[in-house]
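**Q** Chains as they are written, first to last, in the working numbering: chain C, 5 to 409; chain B, 20 to 349. Beta carbons are placed, not taken as given, at the ideal position from N, Cα and C, and that holds for glycine. Every value quoted in this text rests on a predicted model; they were computed, and no experiment measured them.
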Amino acid sequence: MTLEAAAGGTVATRVQSRSPSVGEPVGGNCHGPGGPIAGKVRPISIASMPFLRKLLAKLSFASTLALALLLASCASEDGGLQSQKIDLIKGRGKLICGVDGKLPGFSFLGSDGAYSGLDVDVCKAVAASLLGDSAKVDYRDLNSSERFAALASGEVDLLSRNTTATLTRDAAGGNGLSFAPTTFYDGQGVMVAAGSGVKSLQDLAGKPICVESGTTTELNLADRMRELKATYTPLKFQTGDQTYAAYLQGRCLAVTSDRSQLAAKRTSFPDPSVHLLLDEVLSKEPLTPATTNADPVWSDAVRWSVYALMQAEELGITKANVAAKLAQAQANPNQADLRRFLGVEGDFGKTLGLPADFVVKAIAAVGNYGEIFDRNVGPGSKLKLDRGLNRQWSQGGLIYSPPFR
Amino acid sequence: MASHLGKSPPWWQNRRLVPWLVQGSVGLLLLVVIAFLLGNLVRNLSAAGLLLSWRWLGQPASFDIAETLLPFNASEPYWRGLLAGLVNTLRVVGLGFVGATLVGTLVGSASFSRNGLVKRLARIYVELIRNIPLLLQLVFWYFVVFLALPNGAAAIQLPGIVLAKSGLFLPGFEAGFQWSGPTLVDGVWQAPLRFTPEFGALLTGLVVYTGAFIAEVVRGGIAAVPKGQWEAATSLGLGPLLSLRRIIIPQALRVIVPGLNTQYISLAKNSSLAVACGYTDLYSVAETSLNQTGRAIEVIVILLAAYLAIDLVISLVMNGLNRLVQIKER
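This is the structure:
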């Protein structure tokens, strides 16, 4: 679209601009300086047409404004890094995070109306990274059947809901998710009443077993029982509440889920001591936050916000000492690793579409990965789970952040 | 004059052409809108890599279904699983029709009883049941009634019938045509005929809920028969039950059947609330398939088509019945 308008009869302003046409990806118009502005001068007289002159003047103003906005956005995004999702979240001022909401230790809506847990802290860390404030999160309680639809439809920006990473869920031809780093390495377990006499999976042959529908546990159970050539009755429920209610009512002899979830749910049972976890581990269950494949910039931002928590533990940066570490990094130009990690130098934040100090903000809000674990599911919680596989790699665990470089 | 008569009116005054043109252009506009929406859908779906694909239907489902009329195991493909779910849905819908019709007819007739207690009880039942959401009722039947039953040896035992937490056990013919009743083996009840509490809770919930609505339809039908018909029947010396059966009901049916159609359809649709009490119906299987394959749109399309087909068949049958019971004018 070319517009030539004259303020006083002949051409005084010349603006040539391209406005994005329909179907063209938004944000694809960032050219270097000189590109879009290099217009030709073609003087025409429209003094005799006052109506047209007015109209063109208006159009010219509008297009100048649009061009200015376009240039401004190009400048701030620095050469084409565009994420609709990040823009949307920033514009909204809140991160919408899909959680379970009923699982102590992972995401639980407490009596004070506040969410807490490991999954919730991941949401808080991402919100702090992007928006600078861990309180700017709206939580949505999702059951296991709703979660992927909610994420795919954009109802939630981030799914942090004890979700197992699998091939089909990751694949573009499957659920099309993009998985962040695993925040909890788990395995599937089976819980039975202490007096039931069930010692192993084999003892459950021919018996009813409660399971939440739409979970990997449902499939793993089917696989394991097939291996054992044992028939059984899977009783499927849509929500965890129903599943555990049916188990507690004695409809099923056993309930199966992630071991951490069983341990967490057990703490809310009337008498936790009469329920036992079988020693058998049915499967690998890496519980992992997820975003959709649709916006790789946003997925990377989430991924590295989570890695930052793990890297912080490795570097010994905690919620308490992060301010001191930042001051130390600022004062000491030789500590290049620390300076880069905390955003004092380099442009890690910018390359991810995040603020430069995203690591500092995240750790100041929720602490490092170790602190999050201890507070929610480890020694500092009711669950008292062992770190097990969730130790740092340097201590024989699987928590390993790639280098921040 | 002849020339004046022979002159046809201009085309925009043509009484046949104009409505046709208006209808045609509206229809065309509608088609364009639909084509645009469909095109938009296809474009966005292909952009998201979600274009319809049905190949997954042939892959092994790798999940189990607790109770099926159609034999099913985890190594069979998804379509078999969905079919087993459909059969489970039809099973509860079919039995639900029978139960709800019986309850509805009984309660609807009872509200005309001369016995004040029976009349009041019928009213209380209808008002209580139809004003509570079905979902709550299903959860109530399952968790409060059926799962509160005792288990094992403590189960409720009538001659040949056992009602326990693990289900309702009835006698029947076993292999070799031997009549046998429920037996307690190793603390677990076994019987030739068995209904799970999940099925029981769903069926009870649907029958009780839909029964209340059918009772109102029946009451309305009977009330629509002029009072003179009752009086005429009484003057012929017929008792209340006989006049109801021979005089009133046949005339009431023409009012009842269309209303019944609606209730049957809503029963079929309401059966998809089965997940609330753990019964594996079509919806439940579809939901599991959706989660495991991620083919949301395809699964929803299958669900829509299946429920639409069920309801259309019900409508078809009921419309045929409706034609049968209409008064034949002579």
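#1: Got a sec, what are the start and stop residues for the alpha helix (DSSP H) residue 311/C sits in?
#2: Determine the contact status of residue 184/C and residue 292/C, defining contact as a CB-CB distance below 8 Å.
#3: Whole angstroms are fine: how far does the CA of residue 128/B sit from the CA of residue 141/B?
#4: Under a three-way DSSP split, which group does residue 27/C fall into?
#5: Assess, as a yes-or-no matter, whether the stretch 184-199 of chain B is touched by the stretch 240-260 of chain B under the definition of 3 or more beta carbon pairs within less than 8 Å.
#6: Kindly list, in the order they appear in chain C, the residues whose Cβ is closer than 7 Å to that of residue 83/B.
#7: Using 10 angstroms around the beta-carbon of residue 329/C, count the other beta-carbons present and answer buried if the total reaches 16, otherwise exposed.
#8: Just to make sure I have the definition right: I need the residues of chain C whose C-beta is within less than 9 Å of the C-beta of residue 312/B. Which are they?
#9: Terminal residues of the continuous beta strand (DSSP E) containing residue 241/C?
#10: Which residues in the same chain as residue 307/C place their Cβ atom closer than 6 Å to its Cβ, once the five residues preceding and following it in sequence are excluded?
#11: Check whether the stretch 307-326 of chain B touches the stretch 266-280 of chain C, counting contact only when three or more Cβ pairs, one atom from each stretch, lie closer than 8 Å.
#12: If you follow the alpha helix (DSSP H) that residue 186/B is part of, which residue opens it and which one closes it?
#13: Below 8 Å between beta carbons: does that hold for residue 120/B and residue 233/B?
#14: So if I threshold CB-CB distances at 7 Å, which residues from the stretch 291-310 of chain B count as touching chain C?
#15: In this structure, does DSSP put residue 368/C in helix, strand or coil?
#16: Determine the closest residue to residue 376/C out of 191/C, 109/C, 100/C, with distance taken between C-alpha atoms.
#17: Can you find a C-beta in chain C that's less than 8 Å from the C-beta of residue 170/B?
#18: Threshold first: 4 residues or longer. Then list the alpha helix (DSSP H) segments lying entirely within the stretch 297-340 of chain B, N to C.
#19: What is the rounded straight-line gap between the Cα of residue 151/B and the Cα of residue 161/B?
#20: Using only alpha-carbon positions, find the residue among 275/C, 239/C, 331/C, 398/C that is nearest to residue 317/C.
#21: Since residue 93/B meets chain C, which of its residues come closer than 9 Å, beta carbon to beta carbon?
#22: Going along chain B in order, which residues have a C-beta closer than 9 Å to the C-beta of residue 218/C?
#23: Using a Cβ-Cβ cut-off of less than 8 Å, list which residues of the stretch 147-164 of chain C approach chain B; keep chain order.
#24: Using Cβ-Cβ distances below 9 Å, what residues of the stretch 202-216 of chain B are close to chain C?
#25: Mapping the DSSP letters down to three states, classify residue 120/C as helix, strand or coil.
#26: Any beta carbon of chain C sitting closer than 8 Å to that of residue 166/B?
#27: Comparing C-alpha positions only, which one of 280/B, 329/B, 228/B sits nearest to residue 341/B?
#28: From what residue to what residue does the beta strand (DSSP E) around residue 261/C run?
#29: Do residue 301/C and residue 357/C have their beta-carbon atoms positioned less than 8 Å apart in this structure?
#30: In the DSSP assignment, what are the bridge partners of residue 207/C?
#31: In chain order, what residues of the same chain have a beta carbon less than 8 Å from the beta carbon of residue 148/B, not counting five sequence neighbours either side?
#32: For the stretch 137-165 of chain B, enumerate the residues whose C-beta is nearer than 7 Å to any C-beta of chain C, in chain order.
#33: Could you name the residues of the same chain whose beta carbon sits closer than 6 Å to that of residue 222/C, not counting the 5 residues immediately before and after it, in chain order?
#34: Any idea what DSSP makes of residue 160/B, helix, strand or coil?
#35: If you draw a straight line from the alpha carbon of residue 296/B to that of residue 191/C, how long is it in whole angstroms?
#36: Rounding to the nearest angstrom, what Cα-Cα distance links residue 308/B and residue 135/B in this structure?
**A** In terms of the structure at hand:
#1: Residue 311/C -> alpha helix (DSSP H) spans 300-319.
#2: Contact flag set, yes.
#3: Approximately 9 Å between the Cα atoms of the pair.
#4: Note that residue 27/C scores a pLDDT of 40, beneath 50, so its modelled location is shaky and nothing firm can be said.
#5: By the Cβ rule, the stretch 240-260 of chain B does not count as touching the stretch 184-199 of chain B, because fewer than three pairs are nearer than 8 Å.
#6: The answer, in chain order, is 226, 238.
#7: By the Cβ neighbour-count rule, residue 329/C is buried, with 16 or more other Cβ atoms within 10 Å of its own.
#8: Near residue 312/B (Cβ distances below 9 Å), the residues of chain C are 172, 178, 179.
#9: That run of the beta strand (DSSP E) goes 237-241.
#10: So the qualifying residues of the chain are 184.
#11: Counting Cβ pairs under 8 Å, fewer than three are found: no touch.
#12: No alpha helix (DSSP H) holds residue 186/B; the beta strand (DSSP E) holding it covers 186-189.
#13: Yes.
#14: For the stretch 291-310 of chain B, residues whose beta-carbon sits nearer than 7 Å to a beta-carbon of chain C comprise 294, 297, 299, 303, 306, 307, 310.
#15: Taken through DSSP and simplified to helix, strand or coil, residue 368/C comes out as helix.
#16: The candidate whose alpha carbon is nearest that of residue 376/C is 109/C.
#17: Cβ-Cβ to chain C under 8 Å: yes for residue 170/B.
#18: Here the runs fully enclosed are 301-312.
#19: So the two alpha carbons sit approximately 16 Å from each other.
#20: The option with the nearest alpha carbon to residue 317/C is 398/C.
#21: Residues of chain C whose Cβ lies closer than 9 Å to the Cβ of residue 93/B are, in chain order, 223, 226, 227, 229, 230.
#22: The answer, in chain order, is 306, 307, 309, 310, 311.
#23: So the close ones are 148, 149, 152, 153, 156.
#24: Cβ contacts with chain C: 207, 215, 216.
#25: Of the three classes helix, strand and coil, the one that applies to residue 120/C here is strand, per DSSP.
#26: Taking Cβ atoms only, chain C reaches closer than 8 Å to residue 166/B, which makes this a yes.
#27: Checking every option, the nearest Cα to that of residue 341/B belongs to 280/B.
#28: Under the DSSP assignment, residue 261/C falls in the beta strand (DSSP E) whose first and last residues are 258-262.
#29: Contact annotation: residue 357/C and residue 301/C have beta-carbon atoms nearer than 8 Å.
#30: In the DSSP output, where bridge partners are listed per residue, residue 207/C has none listed.
#31: Sequence-distant Cβ neighbours of residue 148/B in its own chain, meaning closer than 8 Å and more than five residues away, are 156, 227, 228, 230, 231.
#32: Under the 7 Å Cβ criterion, the stretch 137-165 of chain B contributes 162.
#33: Shown here for residue 222/C: same chain residues with a beta carbon closer than 6 Å to its own, the five before and five after excluded, namely 215 in chain order.
#34: If DSSP states are grouped into helix, strand and coil, residue 160/B belongs with the helices.
#35: A straight-line Cα-Cα distance of about 27 Å links residue 296/B and residue 191/C.
#36: Going from the Cα of residue 308/B to the Cα of residue 135/B covers about 53 Å.
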